[in-house]
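Quick note, the sequence shown lines up with residues 1495 to 1704 if you use my numbering.
Here's the structure, in structure tokens; my notes come after.
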Amino acid sequence: MSIEPESAAGSARPAGAHTPVSTGAGFADPAALGLAAFALTTFVLSFFNAGLIPRSAEGVVFGLAFFYGGLVQFAAGLWEFAKGNTFGATAFCSYSGFWMAFAFLARFTDLSGAGADAEKGVGLFLLAWGIFTVYMTIAAWRTNMAVFATFVVLTLTFFALCLGAFTGAEAMTKLGGWLGILTALLAWYASFAVVANSTFRRTLLPVWPR
């Protein structure tokens, strides 16, 4: 199973089918790694956004954002480029950039001089990522329902967090946190399906291909 769209002929690859990639034998499907890196980093950050863990401990997210959600997911995106999968490459490389940009913004960017406008800047940052996620969600419709559902909820997550930042409404930020947790669980399921179906060489976990 991969997050590749259907072919132009309209035939979807069966969920769990093991299909050799054009770059050579033994080249594994990078979707499992990319989805796992995205899911775990999103899961941890979302606990802080939802208010389940005090913000004072949020620093634990930065290492994940730089290395797992960032560097590792970027590597998965490069492997998707090698496979010729435009959707997977764009998604993984872009969201790896999101995580590294988030970590840099939260850890190294000084917005103290902006005063109350600092949150508006963060809101714009989240709005831009929400817009990007909207058109990736449209493209995700041609992959499978597990990935599509992940992108739908991720879109809602970004816009909820965006509204929370722009308006200062803590309830919207907490909603974004809960939506982020759901996003992470969906992405983990999709990743688990890639690993399990590939390892068992049969459809152990359905992903409902389009």
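The beta-carbon is built from N, C-alpha and C at its ideal position, and this holds for glycine as well.
Less than 8 Å between the beta carbons of residue i and residue j, yes or no?
| i | j | result |
| --- | --- | --- |
| Val1641 | Ala1684 | yes |
| Trp1682 | Ala1525 | no |
| Phe1543 | Gly1662 | Residue 1543 is actually Asn in this sequence, not Phe. Taking 8 Å as the Cβ cut-off, Asn1543 and Gly1662 do not qualify as a contacting pair. |
| Thr1441 | Thr1651 | Because the chain spans 1495 through 1704 in this model, residue 1441 falls outside it and cannot be assessed. |
| Thr1584 | Gly1624 | no |
| Phe1602 | Thr1627 | no |
Decide if residue i is buried, meaning its Cβ has at least 16 other Cβ atoms within 10 Å, or exposed.
| i | result |
| --- | --- |
| Ala1503 | For Ala1503, the pLDDT reaches just 36, beneath the cut-off of 50, and the residue's location in the model is therefore unreliable, although a value from the coordinates is still provided. Burial call: exposed. |
| Leu1546 | exposed |
| Leu1620 | buried |
| Asp1523 | buried |
| Ser1692 | buried |
Would you grab the beta carbon distance between residue i and residue j for me? Rounded to a whole angstrom, and I think it's under 8 Å.
| i | j | result |
| --- | --- | --- |
| Ala1643 | Ala1597 | Wrong, their Cβ atoms sit about 27 Å apart, outside the cutoff. |
| Gly1607 | Phe1586 | That belief does not hold up - the Cβ atoms of Gly1607 and Phe1586 are roughly 35 Å apart, past 8 Å. |
| Leu1527 | Val1566 | 7 Å |
Measuring alpha carbon to alpha carbon, tell me which residue in the options is nearest residue i.
| i | options | result |
| --- | --- | --- |
| Gly1658 | Val1554, Thr1649, Val1566, Gly1617 | Gly1617 |
| Phe1532 | Leu1679, Leu1655, Val1646, Asn1579 | Leu1679 |
| Val1555 | Leu1539, Thr1584, Phe1568, Phe1575 | Leu1539 |
| Val1701 | Gly1670, Glu1552, Ala1687 | Ala1687 |
| Pro1703 | Met1639, Ala1600, Tyr1629, Phe1619 | Met1639 |
| Met1630 | Phe1581, Gly1671, Thr1535, Lys1577 | Phe1581 |
| Pro1548 | Leu1655, Gly1671, Thr1693, Thr1697 | Gly1671 |
| Gly1563 | Lys1577, Ala1576, Ala1595 | Ala1595 |
| Gly1553 | Gly1578, Lys1577, Ala1600, Phe1568 | Ala1600 |
| Thr1536 | Leu1698, Trp1573, Val1647 | Val1647 |
task: Could you say if the segment 1633 to 1643 and the segment 1586 to 1596 meet the contact criterion of at least three C-beta pairs nearer than 8 Å?
output: no
- prompt: Okay, do the segment 1609 to 1619 and the segment 1648 to 1662 touch, 3+ Cβ pairs below 8 Å being the bar?
  reply: yes
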